[in-house]
Each structure stands twice: as C-alpha cells, then as structure tokens.
Amino acid sequence: MPTVEEHYNAVLADVYSWMYGGWDAALARYTEFFAARDVAPRGSKRAVDLGAGCGFQAIPLARLGFAVTAIDLDPKLLAELEAHRADEDIEIVCGDLRDFRRYVPPTVELVVCMVDTLLHLPSRDDVAQLARDVFAALEPGGTFIATFRDFSVETKELDRFIPVRSDDNTIFTCFLEFEPATVKVHDLVYRRAEGRWELKKSFYRKLRLPTDWVVTTLRAAGFHAVETGLDRGLIVVTAKKQGASS
84 MPTVEEHYNA VLADVYSWMY GGWDAALARY TEFFAARDVA PRGSKRAVDL GAGCGFQAIP
144 LARLGFAVTA IDLDPKLLAE LEAHRADEDI EIVCGDLRDF RRYVPPTVEL VVCMVDTLLH
204 LPSRDDVAQL ARDVFAALEP GGTFIATFRD FSVETKELDR FIPVRSDDNT IFTCFLEFEP
264 ATVKVHDLVY RRAEGRWELK KSFYRKLRLP TDWVVTTLRA AGFHAVETGL DRGLIVVTAK
324 KQGASS
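In terms of our numbering, the sequence shown is residues 84 to 329.
Take a look at the structure:
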C-alpha cells in the first residue's frame with residue numbers, strides 16, 4: 084500500500100496548488116480563515132504548522148506576526164513554500180510531524196494542523212498522542228486549530244466519486260472505498276501534454292475520525308475549551324489550553 088509520502092510524490096504534490104484554484108487563491112482563503120477567527124500573536128508569537136505543505140497557512144500566519152515552524156514530509160511542497168515566501172519568519176523542516184517537538188522551542192503559542200493532516204496519521208492512537216504532545220507544547224493560553232473531513236458516515240455507490248477540479252489541460256477525479264477504520268482514497272489525474280492525455284494514479288488511506296471522537300480526545304489530552312465549526316465542508320476544531328490568554 085502506498086504511504087502518504089509516496090502518494091503525494093506520485094500524484095498530489097504536482098497538482099496541489101492547482102487543486103486549490105492556484106496558489107494566490109489558496110493564500111487568500113487562509114488569510115481570510117485566520118482573520119475570521121481573530122488569530123493573532125498574543126503571547127510568545129511562536130507558531131507551528133503541522134503538515135505545512137506549500138505554505139497556504141504558514142505564510143498568512145507569518146504575515147500576522149508569528150514566527151512559524153513549517154513541518155512537512157514532502158520536499159516538493161516545501162520547495163514551493165520556499166519559493167513563495169519573501170522575508171517572512173518561517174523555518175522550514177522536512178520531517179515527520181509526529182516529531183515536531185524536536186524542531187520547536189519548549190513552548191509555542193499556536194499549533195495548526197490543517198486539511199486532513201490528522202487523517203494522514205497511521206492510527207487513532209497516533210492522533211491521541213499528537214493531541215497530548217500539542218497540549219504539552221502549548222504555553223498557557225495557547226491554541227490548537229485543526230481542520231479535517233468527517234468520514235464517519237459512509238457515502239454509497241456513485242456518491243463515492245468526486246470531481247475535484249478540471250480545466251483544459253488537467254482533470255482530477257477521486258473515488259472512495261470505505262473500510263471499518265479508514266477510507267481508501269483513489270486519486271486519478273489526467274494531464275494533457277503535447278496533444279496527448281497522460282494518467283497518473285495512486286491511492287492512500289485516511290482515518291475515519293468522527294468529530295465527537297476528536298473533541299473527546301482533545302479534552303482527554305487536557306484542553307479545557309474545545310469548539311467545532313465548518314469551513315467549506317471541513318470540520319474546524321479550535322482547542323484552548325487554560326491560561327492567562329484563554
């Protein structure tokens with residue numbers, strides 16, 4: 084079975100920015116996302132972006148005044164982040180997000196883990212351990228924000244086929260196979276070059292994490308205030324560590 088890293092290398096990394104409507108559109112989307120939630124430095128100004136990809140979240144956070152550590156396994160996406168950042172205070176780390184405490188100061192003000200990154204972890208035990216590690220890393224009053232798709236309800240038959248995006252030269256479709264603990268995501272990308280269509284295809288697994296389970300897990304890790312919301316089909320979870328800024 085392809086790992087998350089292998090799947091991104093085979094298919095997703097080459098079309099990731101395009102999939103979001105282009106780099107500028109994605110940057111604007113997350114600039115708006117953080118503004119709508121009043122995210123701003125109020126403590127140490129240190130932030131961590133787990134699964135940072137090409138910087139859709141890290142760059143807006145840096146522009147807000149955070150010193151950001153951006154961690155991801157995919158060197159292609161991190162190279163895109165490097166190419167787009169200007170003088171923003173961003174440290175780029177190519178590594179496993181589960182080891183994030185090796186790369187950051189003892190405490191930080193903000194940790195974000197966006198767009199299904201939680202679902203890329205191997206098991207629920209890994210998610211629970213990450214929650215405990217994030218709680219331990221946050222300073223009093225610190226915040227953890229995660230977004231993910233809730234795959235706890237199985238889609239059936241043709242609803243399993245999702246047209247991700249298409250234009251004159253690229254067509255991206257995925258389909259889902261539901262398993263008890265995971266969903267197998269098959270990505271098919273057709274790209275036209277020199278008048279011919281070429282297909283790249285791969286699959287990987289994402290965890291099926293019910294929203295209630297994520298909330299319960301964060302509370303068990305020590306977070307005293309956990310709120311949920313929606314953003315363009317993604318569950319948004321905001322968890323606070325008790326302290327002066329809470």
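Using N, Cα and C, we set each Cβ at its ideal position, and we do this for glycine too.
Coil, strand or helix - residue i by DSSP
{"i": "F234", "result": "coil"}
{"i": "H307", "result": "coil"}
{"i": "D250", "result": "coil"}
{"i": "R315", "result": "coil"}
{"i": "F139", "result": "coil"}
{"i": "P85", "result": "coil"}
{"i": "D199", "result": "coil"}
{"i": "L204", "result": "coil"}
{"i": "V298", "result": "helix"}
Of the residues the options, the one placed nearest residue i, counting alpha carbons only
{"i": "R243", "options": "T256, T86, D97", "result": "T256"}
{"i": "A169", "options": "I154, R185, D182, I142", "result": "I142"}
{"i": "F234", "options": "P158, R288, L221, A276", "result": "R288"}
Identified DSSP bridge partners for residue i
{"i": "W101", "result": "Bridge partners of W101: none, in fact."}
{"i": "F116", "result": "Paired residue(s): none; F116 is not in a bridge."}
{"i": "H269", "result": "F258, F286"}
Straight-line Cα distance separating residue j from residue i
{"i": "Y91", "j": "Q212", "result": "24 angstroms"}
{"i": "H269", "j": "L259", "result": "6 angstroms"}
{"i": "F29", "j": "L161", "result": "Any answer about residue 29 is impossible in this case: the structure gives the chain only from 84 up to 329."}
{"i": "P223", "j": "F183", "result": "19 angstroms"}
Cβ pair residue i, residue j closer than 8 angstroms
{"i": "L147", "j": "P124", "result": "yes"}
{"i": "L180", "j": "F149", "result": "no"}
{"i": "V94", "j": "K284", "result": "yes"}
{"i": "T200", "j": "L317", "result": "no"}
{"i": "E165", "j": "I175", "result": "yes"}
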